[in-house]
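Asker: First residue of the sequence shown? That's 1 in the working numbering, and the numbers climb one at a time after it. From the three backbone atoms N, C-alpha and C, an ideal C-beta is built for every residue, glycine too.
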Amino acid sequence: MRRFMNQLKNGTFVISYCTACRKKIWPPYEYCPACYRRTSPVTAGKIGKVVEFSRSWLEEQEVIVALIDMDGILLLGSISEGQGITIGAAVELIATGASSDGKIYFHFKILGSV
Ligand SMILES: [Zn+2]
1 MRRFMNQLKN GTFVISYCTA CRKKIWPPYE YCPACYRRTS PVTAGKIGKV
51 VEFSRSWLEE QEVIVALIDM DGILLLGSIS EGQGITIGAA VELIATGASS
101 DGKIYFHFKI LGSV
């Protein structure tokens with residue numbers, strides 16, 4: 001988990017992968033929860049789609065929080081350029097990281113938006 005957090009702080013989103021089950025595992029675990037074999041860390045893809053989203057206003061700035069399906073892994077993150085956001089819209093993970101107090105964030109942008 002420490003290695004995962006260090007990579008996340010450097011902007012690399014890594015998940016666990018079980019080569020026996022061919023399953024992506026999130027949050028990352030050293031052992032597969034299905035077959036108990038040791039997993040391997042793999043860099044996750046950056047493209048996903050919007051499952052659900054919500055707009056809110058914080059200090060006169062619009063913030064869009066969305067649930068993103070990253071090819072089977074669900075992430076909660078923020079989205080910039082909310083024009084044209086729809087359920088099912090393709091998004092790209094453009095920033096990820098962890099703050100010093102351990103809070104993880106994911107930031108996406110809508111693909112194809114201007
Ligand atoms: Zn497995």
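Roughly how many angstroms separate the alpha carbons of T16 and S80, rounded to a whole number?
Answerer: The residue labelled residue 16 in the question sits at position 16 within the sequence shown. The residue labelled residue 80 in the question sits at position 80 within the sequence shown. Note that residue 16 is Ser in the sequence shown here, rather than Thr. The alpha-carbon atoms of S16 and S80 are separated by roughly 27 Å.
Asker: Quick one: is the Cβ of R38 within less than 7 Å of any heavy atom of ligand 1?
Answerer: By 1-based counting over the sequence shown, the position of residue 38 is 38. Checking every heavy atom of ligand 1 against the Cβ of R38, none is found closer than 7 Å.
Asker: Measuring only the C-alpha atoms, how far is S113 from G84?
Answerer: By one-based count along the sequence shown, residue 113 stands at place 113. By one-based count along the sequence shown, residue 84 stands at place 84. At S113, the pLDDT of 49 sits below 50, so the modelled position is not reliable; the number obtained from the coordinates is stated separately. Cα-Cα distance, rounded: 7 Å.
Asker: Between Y29 and T19, which are expected to be in contact by the criterion C-beta below 8 Å, what is the C-beta distance as a whole number of angstroms?
Answerer: By 1-based counting over the sequence shown, the position of residue 29 is 29. By 1-based counting over the sequence shown, the position of residue 19 is 19. Y29 to T19, Cβ: 14 Å. No contact.
Asker: Can you grab the Cα-Cα spacing for the pair C35 / I73, in whole Å?
Answerer: The residue given as residue 35 occupies position 35 in the sequence shown. The residue given as residue 73 occupies position 73 in the sequence shown. If I take the Cα positions, the gap works out to 19 Å.
Asker: For A66, count neighbouring C-beta atoms within 10 Å of its own C-beta (all shown protein chains included) and say buried if the count is 16 or more, exposed if not.
Answerer: The residue you call residue 66 lines up with position 66 of the sequence shown. A66 is buried by the Cβ-count criterion.
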